[in-house]
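**Q** Sharing a structure below in structure tokens format, with a few things to ask.
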Amino acid sequence: MAADSAVFSPHPDLFPPARVAELIVLAKALYPHPDLRDGPYTRTVSSIITQAASDPGLYRTLSDGLRDLVQITTSPIRDMDSKAIDCLLRAVEQTTFFNTLRPLVAFHLYDDREVWEFIGYPGSSFEQGGYLHRGFDDLAWLPQPRIEEPAEPLLPIGPLPTMSPDVTEYARTAG
Numbered sequence: 001m002a003a004d005s006a007v008f009s010p011h012p013d014l015f016p017p018a019r020v021a022e023l024i025v026l027a028k029a030l031y032p033h034p035d036l037r038d039g040p041y042t043r044t045v046s047s048i049i050t051q052a053a054s055d056p057g058l059y060r061t062l063s064d065g066l067r068d069l070v071q072i073t074t075s076p077i078r079d080m081d082s083k084a085i086d087c088l089l090r091a092v093e094q095t096t097f098f099n100t101l102r103p104l105v106a107f108h109l110y111d112d113r114e115v116w117e118f119i120g121y122p123g124s125s126f127e128q129g130g131y132l133h134r135g136f137d138d139l140a141w142l143p144q145p146r147i148e149e150p151a152e153p154l155l156p157i158g159p160l161p162t163m164s165p166d167v168t169e170y171a172r173t174a175g
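Okay, so the sequence shown: first residue is 1 according to UniProt numbering, each after it adds one.
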């Protein structure tokens with residue numbers, strides 16, 4: 001993580017750069033993509049902070065949750081390794097903070113076009129008429145299926161041996 005001075009806070013009066021850096025570390029731990037650049041995580045946290053600026057309840061949940069996290073750690077969150085962050089998140093996974101932050105990060109992170117490109121999501125298909133005629137079944141990663149038609153016509157084989165005679169009789173007469 002970059003130095004706090006290099007971290008931008010859309011509302012430094014509410015979340016100083018140190019808190020923004022901590023939120024970015026937590027966002028990366030919640031939804032890790034090792035090869036994804038920092039930009040989407042930074043934009044995700046900026047969106048969450050902007051939302052918190054107009055929602056006092058969200059602001060209180062995030063600021064109190066970060067404060068509590070800092071109090072239970074022995075080193076700065078941004079300096080912790082991934083295993084320590086995972087342990088920290090597991091320790092608070094039943095809290096309002098965790099259960100508020102996790103879906104917000106998911107929503108904003110996976111709404112980022114850079115993430116779409118990274119994971120191979122082509123974007124909404126609604127504007128182009130849906131996926132039905134736009135390759136919903138493009139499965140280039142699967143081998144081509146073997147489709148073989150028998151030369152002779154198929155013969156009916158009768159009821160399956162697992163069916164009871166009562167079910168077979170009902171099916172024959174109900175039809």
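For glycine and all other residues, C-beta sits at the position ideal for the given N, C-alpha and C.
Could you tell me how far apart the beta carbons of THR100 and THR61 are, in whole angstroms, since I believe they sit closer than 8 Å?
**A** Yes, they are in contact, since the Cβ atoms of THR100 and THR61 sit about 5 Å apart, within 8 Å.
**Q** Just curious, the alpha helix (DSSP H) that TRP117 is in, first and last residue?
**A** Residue identity differs from the one stated: residue 117 is Glu in this sequence, not Trp. It spans 113 to 119 - the alpha helix (DSSP H) in which GLU117 sits, taken as one unbroken run.
**Q** Please state whether the Cβ-Cβ distance between PRO10 and ALA53 is less than 9 Å.
**A** Taking 9 Å as the Cβ cut-off, PRO10 and ALA53 qualify as a contacting pair.
**Q** Three or more C-beta pairs closer than 8 Å, one from the segment 108 to 119 and one from the segment 25 to 36: is that the case here?
**A** Touching, yes, given that three or more Cβ pairs across the two stretches are closer than 8 Å.
**Q** On a Cα-Cα basis, can you pick out the residue from SER46, VAL105, LEU88 that is closest to ASP68?
**A** It is LEU88.
**Q** Rounded to a whole number of angstroms, what is the C-alpha to C-alpha distance between VAL45 and GLU127?
**A** Computed Cα separation, rounded: 29 Å.
**Q** Within its chain, find whatever has a CB closer than 8 Å to the CB of ARG102; leave out the 5 residues flanking it on each side and keep chain order.
**A** For ARG102, where only same-chain residues beyond five positions count, the Cβ hits under 8 Å are LEU30.
**Q** Check HIS108 in the structure and name its three-state DSSP category.
**A** The answer is helix: DSSP assigns HIS108 an H, G or I state.
**Q** Output needed for GLN51: all residues of its chain with C-beta closer than 7 Å, excluding positions within five of it in sequence on either side, in chain order.
**A** These residues qualify, in order along the chain: LEU58.
**Q** Can you tell me whether SER47 is helix, strand or coil according to DSSP?
**A** It is helical.
**Q** How would you call LYS28, buried or exposed, if buried means at least 16 neighbouring beta carbons within 10 angstroms?
**A** The residue is buried, with at least 16 neighbouring Cβ atoms inside 10 Å.
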